[in-house]
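Novice: Under the numbering used here, the first residue of the sequence shown carries the number 18, and numbering increases by one thereafter. Using N, Cα and C, we set each Cβ at its ideal position, and we do this for glycine too. Note that the structure is a prediction, hence the values are computed from the model and not measured. I'd like to ask you about the structure that follows.
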Amino acid sequence: MLAFRYDPFGPEAFPIGGSPFRVRGLAYMALRHYADHKLPGGFGAVVDGLEGDPFAAYYQQLFIAAGDYDASPLLRLFRRICDLRGREIGAFIAARSRASAAQDSTGMWKPLLKASSPMEMAKRLPLAFNRYFEPCAASVVDIRQDAFSGELGVVPEAMSGLYCQSTVGFVTGCLELAGARSATLEWTSRQPSGAHDGVPVQRWGFQARWR
18 MLAFRYDPFG
28 PEAFPIGGSP
38 FRVRGLAYMA
48 LRHYADHKLP
58 GGFGAVVDGL
68 EGDPFAAYYQ
78 QLFIAAGDYD
88 ASPLLRLFRR
98 ICDLRGREIG
108 AFIAARSRAS
118 AAQDSTGMWK
128 PLLKASSPME
138 MAKRLPLAFN
148 RYFEPCAASV
158 VDIRQDAFSG
168 ELGVVPEAMS
178 GLYCQSTVGF
188 VTGCLELAGA
198 RSATLEWTSR
208 QPSGAHDGVP
218 VQRWGFQARW
228 R
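Written out as structure tokens, the structure reads:
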């Protein structure tokens, strides 16, 4: 099994909020909504528990759905919530991404995620991913009647789990919204692909299947 990493960049690597790996504000908003509804004291209690953490102030800002934000603090927030809830971080990220797929299909990504079949959805998924995460990029390699293969590129090695597990939840969730049954996603390859702004990056290959 290919191993993931969940190591967000610290302020010694990039200024807080200034890493080159970005995410839409919608991801922060979804995690805040989860904390407000599932954790004692809500999101405010999560942030209050970060006293002394150099990233604590970053979470106090108003996140806008289509805004551009640093992905590294998002991973730190996932880690914090998983510590509070006693959850395994990979499964938690996948579950939150799967829930986002259902929400996004009726929200701001509705035009992108409107598909009449799993095969049609497979064609559209990279468009949605590429608007969520930058400079990471998803692509479809091959589509069949009950499966498709694809790749994620420019994935920061240290935070690979954030991108790969988000892909697992989002892809399987979207495929099932388009009529697939029992959708799964398996990672089939991992290759180093140089560096981006001095950060080692990788290319990951996957195959999604359904009935």
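Express the C-alpha separation of aspartate 85 and tyrosine 75 in angstroms, rounding to a whole number.
Specialist: 13 Å
Novice: Taking all protein chains shown into account, do 16 or more other C-beta atoms lie within 10 angstroms of the C-beta of valine 63, making it buried, or fewer, making it exposed?
Specialist: buried
Novice: Quick check on the DSSP output: the alpha helix (DSSP H) that includes glutamine 182 runs from which residue to which?
Specialist: 177-194
Novice: Spatial neighbours of glycine 34 within its chain, please: CB distance less than 8 Å, with the 5 preceding and 5 following residues excluded, ordered by chain position.
Specialist: Tyr75, Tyr86, Asp87, Pro90
Novice: So the alpha helix (DSSP H) tyrosine 149 belongs to, where does it begin and stop?
Specialist: 135-149
Novice: Can you give the Cα-Cα distance for serine 42 and aspartate 163, rounded to whole angstroms?
Specialist: Before going on, a small fix: residue 42 reads as glycine here, not serine. One C-alpha to the other measures close to 33 Å.
Novice: What are the boundary residues of the beta strand (DSSP E) that includes isoleucine 160?
Specialist: 154-160
Novice: Is there contact between the region 48-68 and the region 101-118, where contact requires at least three CB pairs shorter than 8 Å?
Specialist: As far as the Cβ criterion goes, the region 48-68 touches the region 101-118, which means the pair count is three or higher.
Novice: Quick check: the Cα distance between phenylalanine 72 and phenylalanine 109, rounded to an integer number of angstroms?
Specialist: 21 Å
Novice: Using the Cβ count rule (16 or more neighbours within 10 Å means buried), how would you classify alanine 83?
Specialist: exposed
Novice: With H, G and I counted as helix, E and B as strand and the rest as coil, what does DSSP make of leucine 94?
Specialist: helix
Novice: For aspartate 163, report the span of its beta strand (DSSP E) as first-last.
Specialist: Here aspartate 163 belongs to no beta strand (DSSP E), and DSSP marks it neither H nor E.
Novice: State buried or exposed for glutamine 78, treating a residue as buried only when at least 16 other CB atoms are found within 10 Å of its CB.
Specialist: exposed
Novice: Which residues in the same chain as glycine 59 place their Cβ atom closer than 7 Å to its Cβ, once the five residues preceding and following it in sequence are excluded?
Specialist: If we look at glycine 59 and ignore the five residues flanking it on each side, its Cβ neighbours are Ala52, Asp53.
Novice: Name the two residues that bound the continuous beta strand (DSSP E) containing leucine 207.
Specialist: The sequence as given places arginine at residue 207; leucine does not occur at that position. Here the beta strand (DSSP E) through arginine 207 covers 201-213.
Novice: Which residue comes first and which comes last in the alpha helix (DSSP H) that contains phenylalanine 223?
Specialist: That residue, phenylalanine 223, is in no alpha helix (DSSP H); its beta strand (DSSP E) goes 216-226.
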